[in-house]
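Numbering (the working numbering), first residue to last: 2 to 354.
Note that the Cβ used here is the ideal one computed from N, Cα and C, for glycine as well.
Here the structure is laid out as structure tokens; the discussion comes afterwards.
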């Protein structure tokens, strides 16, 4: 059984998926294909899911979709590392190195080089950015630089001693969840980072570069959270951010123009604010996940059945927007009807799906 909470200023409407849907290792995509981001070798758009035939003989583990590009993580028994494929817009290097730097897009999946001997556990995309997280906590980033410098067409390792476990990408900022809390790097617009003088003091750290020179490395800023609660899940929209703690506390900050912070107003916030929503975890069987679109936020609350608890089949929050979208429709066999609650700045609407 499960409940879905969503807030923005807009009234409920049909969801038009731009992302992919993975089912039993197969890959289906729909939506805008003008940059080749649907991966079928053309630039056609599709209003209903179409299978990406390139992956018909492969097993797609994860997907991630940016503004105009897509990534797919594929398991390959014949490879010593992970295979990440990219397709769609290539202007900023978000799908890796192409044969020509002047080539603006690629409408067919291509392997992104640099992961031949690396085990990748999660992939991420948003805006013109791409990222991957390895099993040993190494973060790789490519595409448009958060620092505003030249783009990266080859994945760059951003080593850190912090023990990164999860990543969330925005259009101009990024979050990383570590053993020591949540850190951010990137732009300051709308208070995405806490660079405003109104914000609480935060700690600073640097990703050292592979050459040992930190002058060109992103600056990490620790996000002030609740002292007695541990952050377990993070999410980022275009220019806002969100997190959930181990006690079920939901906090949001950044761009609030469309009510996406869920605070009952449309104000920007320079530091995390607690969202007043009855979504606390009452037992270990309750699982929470939080996800951000460009200008909206969704919280998913699910309860494991007794059978799943006995078998140890605990729910795992999707690690990327692609995984979330791959789970639609949200109802599962044997589950109760999901409960959808949608907020806007004037009223709250509830809908049974």
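Any idea what DSSP makes of residue i, helix, strand or coil?
| i | result |
| --- | --- |
| residue 54 | helix |
| residue 225 | coil |
| residue 31 | strand |
| residue 147 | coil |
| residue 267 | coil |
| residue 127 | strand |
| residue 273 | strand |
| residue 160 | coil |
| residue 260 | coil |
| residue 103 | coil |
| residue 121 | strand |
| residue 47 | strand |
| residue 154 | strand |
In whole angstroms, give me the CA-to-CA distance for residue i and residue j.
| i | j | result |
| --- | --- | --- |
| residue 301 | residue 97 | 33 angstroms |
| residue 258 | residue 265 | 11 angstroms |
| residue 50 | residue 60 | 18 angstroms |
| residue 154 | residue 133 | 14 angstroms |
| residue 75 | residue 63 | 7 angstroms |
| residue 244 | residue 29 | 29 angstroms |
| residue 82 | residue 289 | 31 angstroms |
| residue 123 | residue 73 | 10 angstroms |
| residue 270 | residue 256 | 7 angstroms |
| residue 27 | residue 34 | 19 angstroms |
| residue 222 | residue 57 | 42 angstroms |
| residue 36 | residue 91 | 9 angstroms |
| residue 261 | residue 272 | 15 angstroms |
| residue 277 | residue 253 | 11 angstroms |
| residue 295 | residue 87 | 21 angstroms |
| residue 113 | residue 99 | 9 angstroms |
| residue 42 | residue 111 | 11 angstroms |
| residue 105 | residue 229 | 48 angstroms |
| residue 186 | residue 147 | 8 angstroms |
| residue 220 | residue 287 | 35 angstroms |
| residue 45 | residue 169 | 29 angstroms |
Who does residue i pair with in a DSSP beta bridge?
| i | result |
| --- | --- |
| residue 87 | 72 and 111 |
| residue 242 | 237 and 254 |
| residue 165 | 179 |
| residue 174 | 187 |
| residue 25 | Answer by DSSP bridge pairing: none, since residue 25 is not bridged. |
| residue 140 | 134 and 159 |
| residue 63 | 74 |
How should residue i be labelled, buried or exposed, when 16 other C-beta atoms within 10 angstroms of its C-beta is the threshold for buried?
| i | result |
| --- | --- |
| residue 291 | buried |
| residue 48 | exposed |
| residue 109 | exposed |
| residue 38 | buried |
| residue 275 | exposed |
| residue 298 | buried |
| residue 137 | exposed |
| residue 156 | buried |
| residue 151 | exposed |
| residue 268 | exposed |
| residue 95 | buried |
| residue 127 | buried |
| residue 103 | exposed |
| residue 25 | exposed |
| residue 238 | buried |
Between residue i and residue j, which are expected to be in contact by the criterion C-beta below 8 angstroms, what is the C-beta distance as a whole number of angstroms?
| i | j | result |
| --- | --- | --- |
| residue 116 | residue 85 | 6 angstroms |
| residue 67 | residue 130 | 7 angstroms |
| residue 182 | residue 224 | 7 angstroms |
| residue 107 | residue 144 | At roughly 13 angstroms, the Cβ-Cβ gap does not stay under 8 angstroms, so residue 107 and residue 144 are not in contact. |
| residue 246 | residue 231 | 6 angstroms |
Got a sec: is the Cβ-Cβ distance from residue i to anything in chain D below 9 angstroms?
| i | result |
| --- | --- |
| residue 38 | Included in the structure is just one protein chain, with no chain D present. |
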